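Below is one structure, written out as structure tokens; comments come after it.
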Amino acid sequence: MSETKDFFISYNRADKQWAEWIAWTLDEAGYSVLIQAWDFRPGGNFILDMQRAAADSKKTIAVLSESYLKSSFTQPEWAAAFAQDPQSLERKLIPVRVKECKPEGMLRSIVYIDLVGLGQEEGRQALLDGLKPTGKPAQKPKFPGEESPKQEAPKTVAYPSALSRVQQVVEKGLQKRLESLAADYEAVANQISYTNNAADQKRLERQLTEIAEKMEKVAAELDSLGK
1 MSETKDFFIS
11 YNRADKQWAE
21 WIAWTLDEAG
31 YSVLIQAWDF
41 RPGGNFILDM
51 QRAAADSKKT
61 IAVLSESYLK
71 SSFTQPEWAA
81 AFAQDPQSLE
91 RKLIPVRVKE
101 CKPEGMLRSI
111 VYIDLVGLGQ
121 EEGRQALLDG
131 LKPTGKPAQK
141 PKFPGEESPK
151 QEAPKTVAYP
161 SALSRVQQVV
171 EKGLQKRLES
181 LAADYEAVAN
191 QISYTNNAAD
201 QKRLERQLTE
211 IAEKMEKVAA
221 ELDSLGK
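Quick note: the sequence shown, position 1, residue 1 per the working numbering, numbers continuous.
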């Protein structure tokens, strides 16, 4: 699994059918995908395979459902992508909601592709459109109002107020703190992948939880600055 893939599909086993449908749809559209159901073969090391999958993929798709959000095993998978891109500037983590659920914590701030209630063709289009770098249509949208011979006065757009100097300093500090915590999270997650000692694994999992809670608080502070 050394070849870099476009997407790693992270899912809970309860949503395997959804994960495989997403993987198949992306493969048909020309994307390369990595998914446990197809690529983790007998004789391999599951933890190391999962670690390589996250590392060898450009982006991670998290298949969202209550089962996924409640699972302790899926958190390191999406957290690894989040740690690489905590501000979502490169869209390393792309959630796809397939069943009714409400993401909380750090996942709450990331916009997801919503397939809930859609038919197959609608779902396919929503998935592929959501993965495009922009939502701009290929053709000019039709004018929604009635044609009128009258010329309207040009509308003005209010200039958005910039953050104060103090707020900018605070924001920069919070961003650095979030990046530092994300790096710590990834380092501890890597340690878990290589430890075989149950006591050490529990200790490291507690550390992961503590770091995740700190990241959530910092992310909330950053979010409040923009309001």
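Cβ coordinates follow ideal geometry from the N, Cα and C atoms, glycine included. It should be emphasised that the depicted structure is a prediction, and the values quoted were computed from it without experimental measurement.
- Message: Assuming the contact rule is C-beta atoms closer than 8 Å, Trp78 and Ser32 should be a hit. Round their C-beta distance to whole Å, please.
- Response: The residue you call residue 78 lines up with position 78 of the sequence shown. The residue you call residue 32 lines up with position 32 of the sequence shown. No, Trp78 and Ser32 are not in contact; Cβ-Cβ is about 20 Å, not under 8 Å.
- From Tyr185 to Ile94, what does the alpha carbon distance come to, in whole angstroms? On the sequence shown, residue 185 is found 185 positions in, with the first residue counted as 1. On the sequence shown, residue 94 is found 94 positions in, with the first residue counted as 1. Roughly 19 Å between the two C-alpha positions.
- Item | N- and C-terminal bounds of the alpha helix (DSSP H) containing Lys16 | To locate residue 16, count along the sequence shown from 1; it is residue 16. From DSSP, the alpha helix (DSSP H) with Lys16 extends over Lys16 to Glu28.
- Put Ser209 into one of helix, strand or coil per three-state DSSP. The residue given as residue 209 occupies position 209 in the sequence shown. The amino acid at residue 209 is misidentified as Ser; the sequence shows Thr. In this structure, Thr209 counts as helix in the three-state DSSP scheme.
- Message: In this structure, how does DSSP classify Asp114 when only helix, strand and coil are distinguished?
- Response: Here residue 114 is taken as the residue at index 114 of the sequence shown, counted from 1. If DSSP states are grouped into helix, strand and coil, Asp114 belongs with the strands.
- Whole-angstrom distance between Leu64 and Lys176, CA atom to CA atom: For the purposes of this step, residue 176 is taken as residue 176 along the sequence shown, with counting starting at 1. For the purposes of this step, residue 64 is taken as residue 64 along the sequence shown, with counting starting at 1. Each residue's alpha carbon lies about 28 Å from the other.
- Task: Alpha carbon to alpha carbon, how far is Pro76 from Ala199? Give it in angstroms, no decimals.
- Result: On the sequence shown, residue 199 is found 199 positions in, with the first residue counted as 1. On the sequence shown, residue 76 is found 76 positions in, with the first residue counted as 1. In a straight line, the C-alpha of Ala199 is about 18 Å away from that of Pro76.
- Beta-carbon contacts of Ala219 that lie in its chain and below 7 Å, excluding the five residues immediately before and after: Looking up residue 219 in the sequence shown gives position 219. Met106, Ser109 and Leu178.
- Message: Is it buried or exposed, Leu174, if we count other Cβ atoms within 10 angstroms and call 16 or more buried?
- Response: Here residue 174 refers to the residue found at position 174 of the sequence shown. Leu174 is buried by the Cβ-count criterion.
- Query: Under 8 Å between the Cβ atoms of Phe8 and Ser57?
  - Reply: If you number the sequence shown from 1, residue 8 lands on position 8. If you number the sequence shown from 1, residue 57 lands on position 57. Taking 8 Å as the cut-off, the beta carbon of Phe8 is found closer than this to the beta carbon of Ser57.
- Item | Opening and closing residue of the alpha helix (DSSP H) in which Ser67 lies | Against the sequence shown, residue 67 aligns to sequence position 67. Counting along the chain, the alpha helix (DSSP H) containing Ser67 begins and ends at Glu66 to Lys70.
- For Asp6, the three-state DSSP class (helix, strand or coil): Locating residue 6 in the sequence shown gives position 6, where the first residue counts as 1. If DSSP states are grouped into helix, strand and coil, Asp6 belongs with the strands.
- Message: Mapping the DSSP letters down to three states, classify Ser32 as helix, strand or coil.
- Response: Here residue 32 corresponds to residue number 32 of the sequence shown, with the count starting at 1. Three-state DSSP puts Ser32 in coil, outside helix and strand.
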